[in-house]
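Data first, discussion second: the structure below is written as structure tokens.
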Amino acid sequence: MDYRAVETTDEYVARLSTGADWRAEIEALAEEVEADAGWFTALGSVRDAEMWFYDQEKKEYEPVYFDEHLEVAACVGNVSILDGERFAHTHAVLSRPDGTALAGHLDSAEVFAGEVHFRKFAEPLERAHHEPTDLDLWL
Amino acid sequence: MDYRAVETTDEYVARLSTGADWRAEIEALAEEVEADAGWFTALGSVRDAEMWFYDQEKKEYEPVYFDEHLEVAACVGNVSILDGERFAHTHAVLSRPDGTALAGHLDSAEVFAGEVHFRKFAEPLERAHHEPTDLDLWL
Amino acid sequence: MDYRAVETTDEYVARLSTGADWRAEIEALAEEVEADAGWFTALGSVRDAEMWFYDQEKKEYEPVYFDEHLEVAACVGNVSILDGERFAHTHAVLSRPDGTALAGHLDSAEVFAGEVHFRKFAEPLERAHHEPTDLDLWL
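Protein chains in written order, with our numbering: chain A, 74 to 212; chain B, 74 to 212; chain C, 74 to 212.
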């Protein structure tokens, strides 16, 4: 386990714009407040979603599409620098009108409504290639 | 995307009372510490739950009832002012003994056990009618 | 509802080690930073998981095993003292490659990748037997 002390310099709440992309909106917030690192939790609802599942054997992401209306029951993620750009690593739990849940790495989804709490850290987090998993990880 | 800087003035942990209502307990905490805005995450277990799903076409909530014992695997939400009252907007992921997950907007559930982390913000958040979604949103 | 004001003295981000146990890694972090209480949210992926479901009638945990590769879509929990040891009470939402979600009390899982945000509280939280639920709860 690798860890690092961080300091939250600023905190924000955001309302994501209806019709925009969920993850792009979080990255736009990070851009706007010049956060090179931060942590967020969020909730809301979306229309259509593309989730990615990482195949731990093949070491590649496989997309799954949900072309429907979904609640965002829980969303947890962080902002860091990936290839010189701000990247919002976003996991989410979505749900259908009958309550059944879908979950995973959220690549994109059209915002219907979204409420986010974001903490900006003083120290940047930068992702680099991690040999054992073939993922880009920070620390 | 609309956002606002917030300042956490106080932080609390709470243990929800067995037999009480999950969301009402969070609102009671907000009342007790005089929080007009705040953010929370929580976990625990409940008996029976009423979840609401917002129909994005009809623009109305449809309830779904789960009259069973469920774990609260993740709960994310915020406190704001709605029609002059403190309101805990609460999304949650619940689960059955076989591990299957149910998720959405949690209107009510009887607490079996509940552990909450709540951050009180200095600035109030007030909900108002939002034309595009017909929801009450803050900012 | 019982509550207590807490003060976050330090904040950390951690990357859990591939191949280690998810919950043990969080407890190792608490040990390393000498936290007798704290709150965390996390995301990542695991191989195999043992989840526990508390039977609210029989008052005992029943384990369920998922011997497969899973994303950790959301993880919420807290660190407290249980029988003199640091204990990470950990709930999580996991998911399969087709997006279906599994959720509950996470006892153990082999980390593939894990990203954690941990807040250390100044005040200890200590668990004690709670008669109505037969669980060990703090406050």
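Just so it is clear, CB atoms sit at the ideal spot from N, CA and C, and this is done for glycine as well.
Can you round the beta-carbon distance between residue i and residue j to whole angstroms, since I take them to be within the 8 Å contact cut?
| i | j | result |
| --- | --- | --- |
| A:L167 | A:V145 | 6 Å |
| C:T82 | C:K193 | 6 Å |
| C:E84 | A:A78 | 7 Å |
| B:G172 | C:G177 | 6 Å |
| C:E204 | C:I154 | Going by Cβ atoms, the distance from C:E204 to C:I154 rounds to 20 Å, so no, they are not a contact pair. |
| C:L109 | C:P170 | With the sequence shown as reference, residue 109 of chain C is identified as Asp, and Leu is not the correct amino acid for it. Not really, about 39 Å apart at Cβ, beyond 8 Å. |
What are the partner residues of residue i, as DSSP defines its beta bridges?
| i | result |
| --- | --- |
| B:I154 | B:R159, B:E199 |
| A:P170 | DSSP output for A:P170 lists no bridge partner at all. |
| A:V120 | The question names Val, yet the displayed sequence has Arg at residue 120 of chain A. The partner list for A:R120 (beta bridge, DSSP) reads A:H142, A:E183. |
| C:L175 | B:T173, C:L167 |
| C:V106 | According to DSSP, which records beta bridges pairwise, C:V106 is partnered with nothing at all. |
| B:G111 | B:V152, B:K193 |
| B:A147 | B:V166 |
| B:L210 | B:A201 |
| A:A93 | Note: A:A93 sits in no beta bridge, so no partner. |
| C:T81 | C:F194 |
| A:E130 | Note: A:E130 sits in no beta bridge, so no partner. |
Using beta carbons (cut-off 8 Å, strictly below), is residue i in contact with chain B?
| i | result |
| --- | --- |
| C:P205 | yes |
| A:T82 | no |
| C:F139 | yes |
| C:G157 | no |
| C:L89 | no |
| A:D109 | no |
| A:D171 | yes |
| C:A165 | yes |
| A:A186 | yes |
| A:E98 | yes |
Residues in its own chain within less than 6 Å of residue i by CB, not counting five upstream and five downstream?
| i | result |
| --- | --- |
| C:A195 | E80, T82 |
| C:D207 | K132 |
| B:Y134 | W125, Y127 |
| A:T163 | R96, G150, L179 |
| C:P136 | E123, W125 |
Taking Cβ positions only, does residue i come closer than 8 Å to chain C?
| i | result |
| --- | --- |
| A:A93 | no |
| A:E135 | yes |
| B:H202 | no |
| A:H142 | no |
| A:G177 | yes |
| B:R77 | no |
| B:S168 | yes |
| A:Y214 | With chain A running from 74 to 212 in the structure shown, residue 214 of chain A is simply not present. |
| B:H190 | yes |
| B:E114 | The question names Glu, but residue 114 of chain B in the sequence shown is Thr. Taking Cβ atoms only, chain C reaches closer than 8 Å to B:T114, which makes this a yes. |
Cβ of residue i less than 8 Å from any chain A Cβ?
| i | result |
| --- | --- |
| B:A147 | yes |
| C:V152 | no |
| B:L198 | yes |
| C:A103 | no |
| B:A220 | There is no way to answer for residue 220 of chain B, as the model of chain B reaches only from 74 to 212. |
| C:S118 | yes |
Between which residues of its own chain and residue i is the CB-CB distance below 8 Å, once the five residues before and five after are set aside?
| i | result |
| --- | --- |
| C:S181 | D94, W95, R96, A97, A122, E123 |
| C:E104 | R159 |
| B:F185 | T91, G117, S118, V119, R120, H142 |
| B:A201 | D209, L210, W211 |
| C:D140 | D121 |
Looking only at its own chain, which residues have a Cβ that is under 7 Å from the Cβ of residue i, when we skip the five neighbours before and after it?
| i | result |
| --- | --- |
| B:W112 | N151, R192 |
| C:Y138 | E123 |
| B:A161 | R96, I99, E100, A103, G150, V152 |
| C:D75 | L212 |
| B:E183 | G92, D94, V119, R120, D121 |
| A:E130 | none |
Within the 8 Å Cβ cut-off, does residue i reach chain D?
| i | result |
| --- | --- |
| A:E183 | The chain inventory of the structure shown lacks chain D, comprising the protein chains A, B and C. |
* To do: Check whether the stretch 187-195 of chain B touches the stretch 82-96 of chain B, taking contact to mean three or more Cβ pairs, one atom from each stretch, closer than 8 Å.
  => Touching, yes.
* **Contact the stretch 96-104 of chain C vs the stretch 116-129 of chain C: 3+ CB pairs below 8 Å** => No contact exists between the stretch 96-104 of chain C and the stretch 116-129 of chain C.
* To do: Taking 8 Å as the threshold, find out whether the stretch 150-160 of chain C comes into contact with the stretch 133-149 of chain B through three or more Cβ pairs.
  => Verdict: no, contact absent.
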